[in-house]
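There are 2 protein chains.
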Amino acid sequence: MKSCRAREEGAAVGRRGVTGIASRGVNITQVARAAGVGTGTVSRVLNDSANVRPTTRARVLEVIERLDYHPSRLASGLSRGSPRTVAIVVPFMTRPSVVERLAGAISVLDEHGYDTVVLNVETAEQRDRHLKSLTARHRADGVVVLSIPIPATFLAAFRKARIPVVLVDTEAPGLPRTIADDARGGRLATEHLIALGHRRIGFVGDLGFEGIGNHSTRQRFSGYRAALQAARIPYDGALVRQGSHSAATSSLLAEELLGLADPPTAIFAISDTQAIGVLAAADRMGVEVPGDLSVVGYDDVEAAALLGLTTVRQPLKESGARGAERLCLLLRHERVRPLREELPLEIVARTSSAPPAAGAGTVRAAGGGSAGRQNAFGTSGDHERRVRGEHRQLLSEQPELHRLAAER
Amino acid sequence: MKSCRAREEGAAVGRRGVTGIASRGVNITQVARAAGVGTGTVSRVLNDSANVRPTTRARVLEVIERLDYHPSRLASGLSRGSPRTVAIVVPFMTRPSVVERLAGAISVLDEHGYDTVVLNVETAEQRDRHLKSLTARHRADGVVVLSIPIPATFLAAFRKARIPVVLVDTEAPGLPRTIADDARGGRLATEHLIALGHRRIGFVGDLGFEGIGNHSTRQRFSGYRAALQAARIPYDGALVRQGSHSAATSSLLAEELLGLADPPTAIFAISDTQAIGVLAAADRMGVEVPGDLSVVGYDDVEAAALLGLTTVRQPLKESGARGAERLCLLLRHERVRPLREELPLEIVARTSSAPPAAGAGTVRAAGGGSAGRQNAFGTSGDHERRVRGEHRQLLSEQPELHRLAAER
DNA sequence: TTCCAGGGCGGAACCGGTTCCATGAAGTCG
DNA sequence: CGACTTCATGGAACCGGTTCCGCCCTGGAA
């Protein structure tokens, strides 16, 4: 008892006495005392729970106002057992498509009264560190994972720690996920070009978030291939390029494609960012769009409309919002149906795509000097792999990516 | 005592018994018991504090590992009096320049072990709600405010609640702030064009974040005017346009400018996003860049380099990082000097700017039909205000903005 | 051998809410 | 008019760490 008293005085002097005012930290006890009620009643008022007489409630509210009392988030979180916080794990948050999703999610979580902690991930090490930290008790009520696959270890850890997880733009069995069908998107883009009459269609992709990101590139590529196959257009690996996800890089890749002896008449880029790079390359090389080259992007970011870029639109902001909503359902222990939710895709035709110029594409490709090349880099699977290392990842299990991940 | 016991049993059945396992929520007491030590010792091990015998430490660590114990963030935060969390208030987080700053800040805070809560603001009401919530106890250890001015009421509230605040890209007296001199940036851009020989220089701005954002537009505009004045070029209000901060809008504004009887030979846009809109407009109208029109943007986002856009570069990511670092200093009670920190600006000349075509610009502007205009919309303050409502905001107290804010 | 300093450590008090139980008062029913 | 709800309320226990006090033990000085 004595020590207790001594300590209280010490605290008063050491922590609060510095300012000479004891006003630092009004707490619920002080409010209760000032209002002449018990702490329980104050708590009931704070939480709008029933069974508080209106006059009492008014009196307490008045005191709260007068003392400028703000309840401690930590304390209420601790006793309630929930921090009222959601964590969002997201790779490369500065990318336009990613930040749109992120903003959509934050906005919904905010409406539901959750704080949002953003965990930005740019390396596998960072990803693991953040995922690991999330299984700690009272770290977050739930987790939204955007555009990044989660290693199975962590999935298990989340399950064990009973932390609700929802996925957006990435998949894992058993978890609620909101996705768009990237393979279908790739097919839509390619089919659009085929319908316009193109037969030599290039592909510009990224490296799959440099070892940590999702598989959208691979899937969009498979859609590209499926569309070609359906149209009986032989696949030409020489028309496929990959590089880091930046307009600058894709611009160089497009230059390579356009510099081929038998260049493509159309290019499908895996994102609008990269499509813009393609447009820039065409501009630099004096290749007319859409006269000499059609370009299709992906995402329909704001700049796409402005540049007249034909693109595959996916609801970015909405995907984040949906993920957040579904997490909120989960947190209220409501059913989340369907577990796997697919958002619509649509091709938005603008001025960057048009039928190929007469004599270009199939016709030109069929004869003339380019024929030799076409033979050399023909359509048989055997040959595909020989053509430039950059696109081998798409065809095999992406060894480069695995290597990158392992190095980290 | 009896009730206590009864309750404990109830809890065991009700909360943990559901799963049949009591493993939900290993806490420090259980760890202490399992390791045969006191809770204090476990805490000392967790916090790497001295005075723990190596053998004891090892034993505790082993138990922690075995029980898969993760300390509760809420509990440690509560007893320590700090949530180890920083809040970032940011307007329109999806804008490229903003998200760069945000990412820079998050990255630094992460390194320092702070969680980052992102509060995205798109309306004045949202801003006020978020700012108000931040003065609550244990909400955040500190606040970084990006690109948005804080009303004085909230500044006072933060001071009273003793919550450290640092500003980035916005100013307030007495607070640590990291900024770039927007007026100087506007001057740099304009001087660059003047040095190339331009004399009819248009200005395309936004509406200052629609009522909640910072004053950068106004300051860049003042830099623009200062540069004109220094070069003794009469200010022509007809060459100034403002609209919402989007490439689509700026594109329309640029069309208006280019459609003038005496169009500008150069346009300074207050962001790269808006400059891209200008480029698109020029493209649509068949105006050659830089032959017929020079364009200068601001920020130097990634797309700028690709498009060959001349721009004013400011260190975006770094500004956020600096702000975060300074907040961390503050949180460690170290001195933050200087309070007002200015980051460097530089003009990056690319291919979107060049000397005006012979006969254009100064020559044409000096005589001919435009003379009358020039007189009508001359440099006297009296006349400026008459020219189109859109740019009046820049000169007066921005009544439109206030109205917008009030409506929300 | 005695005394003292100080390291190692257990555990109570505490951070500030929430929740449940007990209590008393007011209201209802027979 | 008494027994039985029902409602409003005070307050203790609790959430799970941190910290400080004080005890014990060891080693060095006297």
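The listed protein sequences derive, respectively, from chains A and B.
Take the first sequence: its letters are residues 790 to 1197, numbered as in the working numbering.
Take the second sequence: its letters are residues 790 to 1197, numbered as in the working numbering.
Even for Gly, the Cβ is constructed at its ideal location relative to N, Cα and C.
Here the structure is a predicted model, which is why all the values come from computation and not from measurement.
- In the displayed model, B/Leu-1098 falls within coil according to three-state DSSP, outside both helix and strand.
- Here the alpha carbon of A/Ala-1143 sits roughly 37 Å from the alpha carbon of A/Leu-956.
- The segment 852 to 866 of chain B and the segment 880 to 891 of chain B do not touch, with fewer than three beta-carbon pairs separated by less than 8 Å.
- Here B/Ile-1065 carries a helix assignment [DSSP, helix/strand/coil].
- Look at A/Asp-1089: its C-beta is not under 7 Å from any C-beta on chain B.
- When C-alpha distances from B/Ser-1035 are compared across B/Val-852, B/Leu-856, B/Ala-824, B/Pro-885, the shortest belongs to B/Pro-885.
- Taking the Cα positions, A/Ser-838 is about 14 Å away from A/Leu-850.
- Contact annotation for B/Asn-909 against chain A: Ala-892, Ile-895, Ser-896, Asp-899 [CB-CB distance below 8 Å, chain order].
- Per DSSP, the beta-bridge partners of B/Val-910 are B/Pro-880.
- DSSP links A/Gly-994 through a beta bridge to A/Gln-1031.
- When DSSP states are grouped into helix, strand and coil, A/Asp-958 belongs to the coil group.
- Contact annotation: A/Asp-1089 and A/Thr-1100 have beta-carbon atoms nearer than 7 Å.
- Comparing alpha-carbon positions, the option among A/Leu-856, A/Val-831, A/His-901, A/Leu-1028 lying closest to A/Arg-1121 turns out to be A/His-901.
- Judged by DSSP in its simplified three-state form, B/Leu-1128 adopts coil rather than helix or strand.
- Bounds of any alpha helix (DSSP H) do not take in A/Val-934; it lies within the beta strand (DSSP E) bounded by 931 to 935.
- For the alpha helix (DSSP H) assignment, the uninterrupted runs of no fewer than 4 residues enclosed by the segment 1071 to 1117 of chain A are, from N- to C-terminal side, 1091 to 1096.
- A/Val-907 sits close to A/Ile-877, with the two beta carbons spaced by under 7 Å.
- At a Cβ-Cβ threshold of 7 Å, B/Arg-948 and B/Thr-1054 do not count as neighbours.
- In the three-state scheme derived from DSSP, where H, G and I count as helix and E and B as strand, B/Glu-1123 is classed as coil.
- A/Val-815 sits in coil when the DSSP states are folded into three classes, being neither helix nor strand.
- Counting every other CB atom within 10 Å of its CB across the protein chains shown gives B/Asn-840 a total below 16, marking it as exposed.
- A Cβ-Cβ distance of about 17 Å is found for the pair B/Thr-979 and B/Asp-995, leaving them out of contact under the 8 Å criterion.
- Interface residue (Cβ-Cβ distance to chain B less than 7 Å): A/Gly-827 is not classified as such.
- When the Cα atoms are used, B/Thr-1038 and B/Leu-1047 turn out to be separated by approximately 14 Å.
- Taking a 10 Å sphere around the C-beta of B/Ala-1092, we find 16 or more other C-beta atoms and assign the residue as buried.
- A/Met-1074 is outside the set of residues whose beta carbon lies under 7 Å from a beta carbon in chain B.
- For the segment 910 to 925 of chain A, the set of residues with a beta-carbon nearer than 7 Å to any beta-carbon of chain B comprises Thr-924, Ala-925, in chain order.
- By the CB criterion at 7 Å, A/Gly-975 and A/Gly-1012 fall inside the cutoff.
- With contacts defined as CB atoms closer than 7 Å, A/Ala-969 and A/Gln-819 fail to qualify as a contacting pair.
- Selection B/Thr-912, B/Arg-869, B/Gly-866, B/Asp-899 evaluated against B/Val-879 yields B/Thr-912 as nearest (Cα-Cα).
- Closest option to A/Tyr-858, judged by alpha-carbon separation, among A/Val-1078, A/Ser-832, A/Leu-1042, A/Gly-866: A/Ser-832.
- Between B/Ala-824 and B/Arg-848 a beta carbon distance of about 5 Å is seen, short of the 8 Å cut, so the two are scored as contacting.
- Using a Cβ distance threshold of 7 Å, A/Asp-971 and A/Gln-1008 count as a contacting pair.
- Between the alpha carbons of B/Ile-1065 and B/Arg-1139 lies a gap of roughly 14 Å.
- Judged by DSSP in its simplified three-state form, B/Val-875 adopts strand.
- Taking all protein chains shown into account, A/Glu-914 has fewer than 16 neighbouring C-beta atoms within 10 Å of its C-beta and is therefore exposed.
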